[in-house]
Each structure stands twice: as C-alpha cells, then as structure tokens.
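Remarks on the structure that follows.
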Amino acid sequence: MMDQTKNTSNVNLPLQGAGRRRIIISGGGTGGHIFPAVSIANALKKLDPSTEILFVGANGRMEMEKVPAAGYKIIGLNIQGIQRGSIIKNLMFPFKLISSVRAALKIIKDFKPDAAVGVGGYASGPLLYAASLKGIPTLIQEQNSYAGVTNKWLGKKAKKICVAFDGMDKFFPADRIIKTGNPVRKESVSIAGKQMQALELYSLSAHKKTVVVLGGSLGARTLNHSIQAGLQKFIDADVQVIWQTGKYYYKSIIEQLGENFHPNIQVREFLNRMDLVYAAADVIISRAGAGTIAELCEVKKPVILVPSPNVAEDHQTKNALALVQENAAIFVADRDAEAKLVDKTLELLKDKEKQKILCNNIGKLAMPNADEVIAKEVIQITINN
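Numbering (the UniProt record's numbering), first residue to last: 1 to 385.
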C-alpha cells in the first residue's frame with residue numbers, strides 16, 4: 001500500500017561531521033542497472049563529498065568497464081545468472097554463488113561499509129546477503145513494477161526498498177517501501193527549446209510529423225522487423241522516422257535498404273544525443289525498460305510501448321501495463337507488432353486529443369531527482385542503524 005510510504009527527500013540529514021561514510025553499491029549487468037547505480041553514487045558524493053564508495057559487480061559484465069569510466073573503484077565477483085537452455089553452465093551456479101558470497105564477506109570485512117545498496121544484476125544477491133549476515137543495513141533499488149526473485153528474497157531483510165511503481169507491497173514489506181522513482185540522465189531529458197536543433201541534426205522538416213523508434217543500444221528484432229515492414233506506409237503518409245536499429249541489426253538493414261533509402265527515413269545504429277531525439281519526436285515507439293520509462297515520463301511525449309518478452313519475469317510487460325492503466329501510454333504486444341505497430345502509430349499521429357491525454361498523464365508519473373532522494377535514504381539507514 002503505497003500510501004503508507006514516506007519520502008525523506010526534504011529531511012535535513014546530518015551529512016558531515018559524523019565520520020566518513022563508506023557505502024558499497026552492488027549490481028549491474030545492463031545499462032539499466034549501471035546508470036542508476038552511478039547516479040546514486042554521484043548523488044551521495046554531492047550530498048557529502050567525503051563519502052567513500054565501492055562498487056561490486058560481476059566479472060565479465062559491462063559494469064567492470066562502465067563504473068571505472070565514471071570514476072569509481074569496482075571489485076568483480078565470479079557470479080552468473082541462471083542460463084536458459086544450458087544445463088552444463090547451470091551446474092556451476094551453486095558453486096559460483098557460494099564462492100561469491102565468501103568473496104563478498106571478505107570485501108565487507110576489508111571495506112567496513114556503513115550500508116550496502118543493491119540495484120539489481122548478478123552481484124546484488126551475494127553482496128546484499130553477505131551484508132545482512134554481518135548486520136550491515138541494506139537498501140534495494142527496485143526499478144521495475146514486478147520484483148525479481150532475488151530482490152523479493154533480499155527485501156525481507158532490507159531496511160528500505162526504493163521503488164518506482166505503485167503496488168509494490170505485493171513483493172515487499174509495506175512499511176519499508178519508499179516510492180522514489182528511477183534516476184534519469186538529466187542531460188537526456190532536457191529538451192525545452194531544442195526541436196529545431198534536433199530536426200536540423202537529422203535533416204528533417206519542421207512541417208512534417210516525426211516518429212522516433214528506440215530499440216536500445218543492441219537493438220530490438222521485433223521493432224526492426226515491424227518498422228521495416230511498414231516503411232512504405234510511413235513514406236506514403238509523409239511521416240519522418242528516426243530509427244535506431246541497434247548494433248546487432250544496423251549493418252544488415254543498411255545492406256537491404258541502401259545508405260540513403262529515403263529522406264524521411266533516418267536510420268541510425270546508435271543515438272548519442274537523446275535530448276535532441278526526444279525533442280524531435282511527435283510520437284515515440286520504445287521497449288519498456290524501467291530506465292527508459294523513467295525518461296519518457298520526464299519528456300512527456302506520446303508513447304507506444306512494445307515490451308520485450310525476453311526478460312526475467314516478463315517485467316517489461318508489467319512496466320508497460322502500469323502506464324497503460326493510467327492512460328499514459330499505448331501498448332502493442334511483441335507478437336502483434338509486425339502486423340499492428342505502424343498502423344497504430346499513424347492512427348495516433350492523427351489523433352491530437354489522444355496525444356494530449358497521453359502527454360498529460362505520462363507527465364504526472366515523472367519523479368525528478370530520484371537519485372538524490374535515494375541517496376538521502378541511504379544516508380538515513382546509516383544514521384538509524
């Protein structure tokens with residue numbers, strides 16, 4: 001019951017003078033976990049520059065590169081998740097889990113943290129479990145509307161669980177839930193007054209409608225197939241498209257279409273300036289990762305969500321439906337996308353009243369400054385412990 005939660009963002013905390021705080025932040029595996037982790041670390045340092053922060057990740061995962069690039073030290077655990085379709089690899093899982101818990105206990109002994117934060121990803125489980133064994137207060141940042149098995153288990157002993165969606169008392173003790181939202185990249189959602197700059201960057205017209213397709217850095221096969229199947233419909237309607245294909249699909253799509261397929265269709269492997277991409281959009285088509293949804297709530301544009309079915313506990317579908325029930329987004333199932341997505345998009349582009357409703361409702365769900373709110377909760381549990 002989210003009305004029982006509280007938010008300490010306005011609480012005056014004794015940030016300095018109480019001894020240097022030492023915080024471990026664990027997790028990663030995807031950008032959706034790494035970015036919030038780094039944002040929380042940055043917010044902790046902003047609130048109290050003397051804070052010492054250590055990251056714990058999984059060896060071989062992207063956090064082992066991204067976190068040092070952000071200026072923080074990281075130690076890797078030899079941990080993996082359950083591998084779908086690989087019995088041999090899964091036989092090693094219990095041994096890797098035990099060794100990771102032992103390694104986490106040593107890290108805690110050496111670093112002596114005042115609190116441990118888990119953001120999701122393979123390393124969160126062993127690290128937060130080890131912290132709880134040693135009486136170190138823990139905080140979980142659950143980004144999705146449907147909690148995974150590990151976080152549900154860890155939540156039983158966590159001091160606080162920071163969430164982004166309502167109804168999370170289905171998974172966690174209600175008295176420890178704080179609705180904080182998910183941290184967003186502030187430079188990506190700062191779109192005011194940038195539309196003309198955005199259209200100029202992509203050589204697009206201000207007199208035509210623009211659709212943005214976001215499949216993530218690696219790409220989304222269903223989105224790519226759906227857009228490719230409906231390209232002629234966009235061209236016939238004189239609609240412009242900024243199409244992010246992702247790393248895995250860009251080359252083959254360009255080989256099929258050619259380098260300059262049509263002036264209305266801008267095909268890109270990756271989009272570096274998300275603020276300009278969002279600014280250009282009249283309608284956005286996207287997967288439904290928690291971090292992306294947090295950004296979409298901030299930019300307040302009409303959104304069509306096509307959740308990936310290939311994620312744990314199908315959490316993207318649940319994320320999307322949480323917006324749909326607030327009339328804040330349109331839902332298209334992955335299995336229906338190739339047949340329906342482009343038609344739904346063109347229909348929405350013609351319906352100005354529906355666009356207005358979607359923009360208004362998705363904007364109501366935005367929770368800015370989540371990184372600072374979460375950081376203050378981390379500090380609070382070190383004070384109360």
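Glycine included, C-beta positions come from ideal geometry on N, C-alpha and C.
Because the structure is a prediction, the values reported are computed rather than measured.
- For Thr317, same chain residues with a beta-carbon under 6 angstroms away, outside a window of 5 residues either side, are Pro307 in chain order.
- Around the beta carbon of Trp153, fewer than 16 other beta carbons lie within 10 angstroms, which makes this residue exposed.
- By the Cβ test, the segment 298-315 is in contact with the segment 324-344, since at least three Cβ pairs between them sit closer than 8 angstroms.
- Rounded to whole angstroms, the separation of the alpha carbons of Lys208 and Gln232 is 16 angstroms.
- C-alpha of Gln141 to C-alpha of Glu52: approximately 19 angstroms in a straight line.
- Annotation for Ala375: Ile40, Ala43, Leu44 and Leu47 place their beta carbon closer than 7 angstroms to its own, counting only its chain and skipping 5 residues before and after.
- In terms of Cβ geometry, Ile362 and Leu276 do not form a close pair [threshold 8 angstroms].
- For Arg273, the secondary structure class from DSSP, reduced to helix, strand or coil, is coil.
- Residues of the same chain with a CB within less than 7 angstroms of the CB of Ala366, apart from the 5 flanking positions on each side, are Cys297 and Glu298 in chain order.
- Put simply, of Ala288, Glu353, Trp243 and Lys156 the residue whose alpha carbon is nearest the alpha carbon of Ala174 is Lys156.
- For Glu52, the pairing in a beta bridge is given by DSSP as Arg22.
- In the three-state scheme derived from DSSP, where H, G and I count as helix and E and B as strand, His225 is classed as helix.
- Of all alpha-carbon atoms in Gly246, Ala116, Val283 and Ala279, the one lying nearest the alpha-carbon of Val267 is that of Gly246.
- Counting along the chain, Ser286 sits inside the beta strand (DSSP E) bounded by residues Val283 to Ser286.
- Under DSSP, Ala115 forms a beta bridge with Ile23.
- Comparing alpha-carbon positions, the option among Val56, Lys179, Lys354 and Val213 lying closest to Leu105 turns out to be Val56.
- Cα atoms of Phe111 and Ile75: separation of roughly 11 angstroms, rounded to the nearest angstrom.
- Taking 8 angstroms as the cut-off, the beta carbon of Ile108 is found closer than this to the beta carbon of Ala131.
- Take the alpha-carbon of His315 and the one of Thr292: they are about 13 angstroms apart.
- Minimum Cα-Cα distance from His225 among the listed residues Cys359, Leu54 and Asp336 corresponds to Asp336.
- Setting aside the 5 residues that flank it on each side, Ala220 is surrounded in the same chain by Gly246, Arg287, Val306 and Ser308, each with a C-beta closer than 8 angstroms to its C-beta; the list follows chain order.
- Across the set Lys352, Gly216, Asp238 and Tyr249, the C-alpha of Tyr249 shows the shortest separation from the C-alpha of Gln228.
- The beta carbon of Ala290 sits closer than 7 angstroms to the beta carbons of Gly32, Gln143, Asn144, Ala164, Asn182 and Asn319 from its chain, once the five residues preceding and following it are set aside; these are given in chain order.
- Note on geometry: alpha-carbon atoms of Gly258 and Cys359 lie some 35 angstroms from one another.
- Beta-carbon to beta-carbon, Val212 and Ile284 are separated by about 5 angstroms, close enough to satisfy the 8 angstroms threshold.
- According to the DSSP secondary-structure assignment, His262 is paired through a beta bridge with Ile265.
- DSSP, read as helix, strand or coil, puts Glu326 in coil.
- In the same chain as Met168, and ignoring 5 residues on each side of it, the C-beta atoms closer than 6 angstroms to its own belong to Ile177, in chain order.
- Sequence-distant Cβ neighbours of Asp282 in its own chain, meaning closer than 6 angstroms and more than five residues away, are Lys209 and Thr210.
- In this structure Ser26 is buried. Its beta-carbon is surrounded by 16 or more other beta-carbon atoms within 10 angstroms.
- The continuous alpha helix (DSSP H) containing Ile383 extends over residues Ala370 to Asn384.
- Closest option to Leu127, judged by alpha-carbon separation, among Leu77, Lys159, Lys160 and Phe171: Leu77.
- Distances from the alpha-carbon of Phe261 to those of Trp243, Asn272, Arg273 and Phe270 put Trp243 closest.
- In the structure shown, the three-state DSSP call for Ile253 is helix.
- In summary, Gly121 is buried, with 16 or more beta-carbon neighbours lying within 10 Å of its beta-carbon over all protein chains present.
- Per DSSP, the beta-bridge partners of Thr210 are Gln240.
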